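Keeping their order, the protein sequence lines are chains A and B. The first sequence maps to residues 1 to 303 in the working numbering. The second sequence maps to residues 304 to 606 in the working numbering. C-beta: ideal position from N, C-alpha, C; glycine also. Since we're looking at a predicted model, the values are computed, not measured.
There are 2 protein chains.
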Amino acid sequence: MKKYLRLFSTRWVLLAILLAGPVIVFAQDDLVWNPLDPDDTVYLQLQEGTVVIELNPTFAPKTVKQFKVLLEDQFYRGLSFYRVIDGFVAQAGDESDIDGSRDSPTLKAEFEIQWPMKPKDKKEAKQWFPLPWTLVQKEDLFAPYTGFINGFAAGRDNNKGGKAWLTHCPGTVAMARDTDADSSSTDFYIVIGQAPRYLDRNLTVFGRVVWGMDVVQRIKRGATKENGYIQGDMQRTWIKRMQLASSLDTNEQLNIYTADTNSKGFKAMLKERRNRGSKFFRQQPPRVLDICQVPVPARLEKK
Amino acid sequence: MKKYLRLFSTRWVLLAILLAGPVIVFAQDDLVWNPLDPDDTVYLQLQEGTVVIELNPTFAPKTVKQFKVLLEDQFYRGLSFYRVIDGFVAQAGDESDIDGSRDSPTLKAEFEIQWPMKPKDKKEAKQWFPLPWTLVQKEDLFAPYTGFINGFAAGRDNNKGGKAWLTHCPGTVAMARDTDADSSSTDFYIVIGQAPRYLDRNLTVFGRVVWGMDVVQRIKRGATKENGYIQGDMQRTWIKRMQLASSLDTNEQLNIYTADTNSKGFKAMLKERRNRGSKFFRQQPPRVLDICQVPVPARLEKK
C-alpha cells in the first residue's frame with residue numbers, strides 16, 4: 001500500500017516538472033502539431049528499429065536533392081555505420097562499401113544561408129513569405145543568437161539580417177567531407193552525443209532525427225583508439241533500407257507529427273524552461289537555454 | 304586499388320583531426336594517466352555490458368559513504384532502470400522494486416562545496432594540498448567558470464574562491480530526489496543526453512562514468528508521454544550486479560586509467576580544441592569550449 005501511494009506521490013509529479021518540456025506542453029492547447037512532408041522525410045531502417053529523419057531543403061537544397069537521388073537508387077541499402085564514436089557521431093555511407101566505390105558527384109558547401117530569405121524573382125515573390133524565427137538564446141557560447149526555424153535548431157549572427165545556419169545538436173544529420181569544403185558526396189553522420197557546436201558553419205547540415213533517437217543510440221560503437229572506425233563488417237550496424245517516405249504507399253507511411261516551433265504553445269514551453277519556477281529548484285537556474293537541450297516534441301499517431 | 308588508396312587518403316587523417324581530442328593527445332608524452340582507486344570505483348553490470356563509475360567523495364562525502372554501504376549490501380542487485388528518457392537521464396533504484404521499499408536514510412544535499420578547500424584542522428593541514436583546478440571556459444552559458452577537478456567537470460562562481468560544483472554532463476551520476484532538497488536516498492540517475500546544466504547546484508552529483516557509456520546508451524528507454532517511466536518489468540534494463548571494485552579480487556578488477564586533467568598533455572589538448580588550427584575548418588570556430596564536450600580520455604589495459 002505504501003508503494004502504491006508512492007507511485008502517485010510528489011516524486012512523480014516533480015520529476016515531471018524536472019523534465020519540463022514535453023510533459024507541460026502536452027497539456028497546452030496552443031501547441032500546434034505539423035505532419036511531416038513525405039517528400040522530405042526519410043526512413044532509415046536498421047536491425048534495431050526505424051529512424052525517421054526530416055530533410056531541410058531550405059538550408060541545403062543541393063545536398064537534399066542529391067540525397068533524394070541516392071535514396072531513389074537504394075544507394076544506402078546494405079551499407080553500414082563504419083565510424084561510430086560514442087558521444088560524438090555515427091557515420092555511414094560509401095566508405096563502408098569494401099567492394100568498390102560509386103563516384104557520386106561532390107557537393108558545394110551549404111554551410112549557411114542569408115536570413116531572412118528573400119524571393120529570388122517576381123514569380124517567387126508572389127507566393128513568398130518569410131520563414132518564422134523563434135528566438136531561444138542571445139549570446140549563446142557559440143553563436144550571437146540561437147533559435148528554431150521550422151523545427152530545426154539554428155544559429156544566427158544577427159537577429160535582424162545576416163547569416164543563419166543549422167546547429168550541430170544530438171540528432172543532427174550532416175554530410176561528412178574531406179579537407180576541401182566542397183567535397184561531401186554520399187557519406188553522412190548523425191550526432192549522437194553532446195552537441196559538437198564547433199562544427200557549425202563548417203559542414204552541411206541537411207536533416208534532423210525526429211523519431212527513433214533511441215534506435216540511433218543502439219548503433220554499434222567503434223574503439224576510441226581506432227578513432228571510431230570499425231574494421232570488421234560483422235561488428236557494424238547495417239542499413240537494411242533507407243528510403244523517402246513518399247516512395248512508400250500511404251498506408252505504409254508513419255503518422256508522425258512534430259511541434260510547430262513557432263506556435264504559442266512551443267513559445268510557452270521555452271518560457272517555462274527558461275524560468276523554471278518550480279519549488280523543486282532550491283537555487284534558481286540561470287535564465288538561459290541551450291538550443292540543443294530544448295527537445296522539439298514529436299508524436300506517432302496510430303492510423 | 305582505388306579503395307585501398309582511399310583508406311589512407313586525407314579523409315582518414317582529417318577526420319582524426321576533426322575529432323581532435325583523444326587522437327592528438329594519445330601522441331603526447333605529457334599526458335599523465337592515473338589508475339582508478341578501487342575504493343572509489345563502481346562496476347555496474349548490465350546485460351548489455353559493464354559500466355565503470357568513479358565516485359567523488361570530495362564533492363559528495365555523505366552520499367558516497369551511504370552509496371558504498373548500499374553497494375556492500377548488494378542493494379541494487381536485481382533492481383532496474385525504471386525511468387529512462389532518451390536524451391536526458393536513465394534512472395534506477397528503489398522505486399523499481401515492486402515488492403516493497405527499503406527505508407534508507409535520506410541524505411543532506413551536497414550540491415556544492417567551498418573552493419579552494421581548506422584543511423579542517425591542524426592534523427589535516429599537515430598533509431593537506433589544494434586539489435588542482437584546470438580552467439576550461441570563462442563565462443560559460445551556465446557558470447562564471449568551468450573546468451576540471453581531478454577528472455570531474457565542474458563549475459565555479461569565482462576563479463579565486465567561492466562555490467564549486469560538479470556539472471551535469473553526459474555520463475554524470477547523481478542522486479534523484481523529491482521536492483525536498485534533502486530527500487535523496489537510494490535512487491540515482493546517469494545523464495545520457497545533451498547536458499541538462501540547469502540541474503547544476505540542485506542535485507547531488509557524486510560520480511561519473513569513465514568506461515562503458517556505449518553500454519549506458521543501450522539501456523532501454525521509456526515513452527516520452529509516460530515521462531520515461533517503464534511499467535512493465537520485462538521492458539526494463541536490469542542491474543545484474545553493482546559493486547565496489549575493491550570488493551573484488553585484484554585479478555577481477557579492470558585495469559582502467561584516466562587522463563590526469565591537470566597534466567600538461569591534457570592542457571595542450573584543451574588548447575588544441577579551443578584553437579582548432581586545422582585546414583579542415585573553413586571558418587574558425589569560436590575559441591570557446593563546452594565543458595561537457597571535452598572528453599576525458601580513458602583506457603583499459605590488459606593485465
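Could you tell me which chain B residues have their CB closer than 7 Å to the CB of A:Y198, listed as they occur along the chain? R579 and P588
Please list, in chain order, the chain B residues whose beta carbon lies closer than 9 Å to that of A:A164. Going along chain B, no residue has its Cβ under 9 Å from A:A164, so there is no contact; the nearest lies around 14 Å.
Count the other CB atoms, across all protein chains shown, that sit within 10 Å of the CB of A:L7; report buried if there are 16 or more and exposed otherwise. With a pLDDT of only 32 at A:L7, under the threshold of 50, the placement of this residue in the model should not be trusted; the figure read from the coordinates follows. Exposed, by the Cβ-count rule.
Who are the Cβ neighbours of A:R201 in its own chain at under 7 Å, not counting the five residues just before and after it? F111, E112 and W165
With a threshold of 8 Å, are at least 3 pairs of Cβ atoms found where one atom belongs to the segment 254-271 of chain A and the other to the segment 28-37 of chain A? yes
For B:K582, return the contacting residues in chain A, with the cut-off set at a CB-CB distance below 8 Å. T179
N- and C-terminal bounds of the beta strand (DSSP E) containing A:Q253: Where A:Q253 is concerned, there is no enclosing beta strand (DSSP E), given that its DSSP letter is neither H nor E.
Return the residue from the list B:Y501, B:L438, B:V476 and B:A393 that minimises the CA-CA distance to B:F445. B:Y501
Straight-line CA distance for A:K65 to B:Y379? 52 Å
Any idea if B:V372 is buried or exposed, counting beta-carbon neighbours within 10 angstroms, 16 or more meaning buried? exposed
Rounded to a whole number of angstroms, what is the C-alpha to C-alpha distance between B:W315 and A:E124? The predicted model places B:W315 with a pLDDT of 35, which falls under 50 and marks its position as unreliable; any figure quoted below should be read in that light. Approximately 43 Å, taken between the alpha carbons.
Local conformation of B:I594 per DSSP, three classes: helix
Looking only at C-alpha atoms, which of A:R83, A:L131 and A:A92 sits nearest to A:P57? A:L131
What is the rounded straight-line gap between the Cα of B:Y448 and the Cα of A:F148? 28 Å
Could you give the distance in angstroms between the alpha-carbon of B:I327 and the alpha-carbon of A:R241? Because the pLDDT at B:I327 is just 36, under 50, the model does not fix this residue reliably, and the value given afterwards should be weighed accordingly. Rounded to whole angstroms, B:I327 to A:R241 spans 36 Å at the Cα level.
Does the CB of B:G390 have a neighbour CB from chain A at under 7 Å? yes
Does any CB atom of chain B fall closer than 7 Å to the CB of A:P38? no
Members of the segment 437-468 of chain B that neighbour chain A once the beta carbon cut-off is set at 9 Å: Q440, E442, D443, L444, F445 and A446
DSSP state of A:N275, grouped into three classes? helix
Could you confirm whether any beta carbon from chain B is found closer than 7 Å to the beta carbon of A:M213? yes
Going along chain A, which residues have a C-beta under 7 Å from B:G510? Per Cβ cutoff of 7 Å: no residues; B:G510 is ~17 Å from chain A at best.
Just the chain B side, please: which residues come within less than 7 Å of A:G193 by C-beta, in chain order? P473
Is the shortest distance between the beta-carbon of B:R539 and the beta-carbons of chain A less than 7 Å? no
By DSSP, does B:E357 sit in helix, in strand, or in coil? strand
Within 10 Å of its beta-carbon, does A:S185 have 16 or more other beta-carbons around it, so buried, or fewer, so exposed? buried
CB contact below 7 Å: B:R504 versus chain A: yes
Starting from B:M537 and walking both ways along the beta strand (DSSP E), at which residues does that stretch end? From DSSP, B:M537 is part of no beta strand (DSSP E); its letter is neither H nor E.
Short CB-CB distance (under 7 Å) between A:V32 and chain B: no
Reduced DSSP secondary structure (H/G/I, E/B, other) of A:P38: helix
In chain order, what residues of the same chain lie with their CB nearer than 8 Å to the CB of B:K606, ignoring the 5 residues before and after it? N554 and N558
So which residues on chain A does B:V591 lean against when the C-beta distance must stay under 7 Å? L141 and F142
Which two residues bound the contiguous alpha helix (DSSP H) that contains B:L374? P364 to E375
B:F569, DSSP secondary structure in three states: helix
Are the beta-carbon atoms of B:V494 and B:I356 separated by less than 7 Å? no
Pick out whichever of A:R274, A:A298 and A:G277 has its Cα sitting closest to the Cα of A:G212. A:A298
Extract the residue ranges of the beta strand (DSSP E) inside the segment 173-208 of chain A, only unbroken runs of 3 or more that lie entirely within it. 188-191
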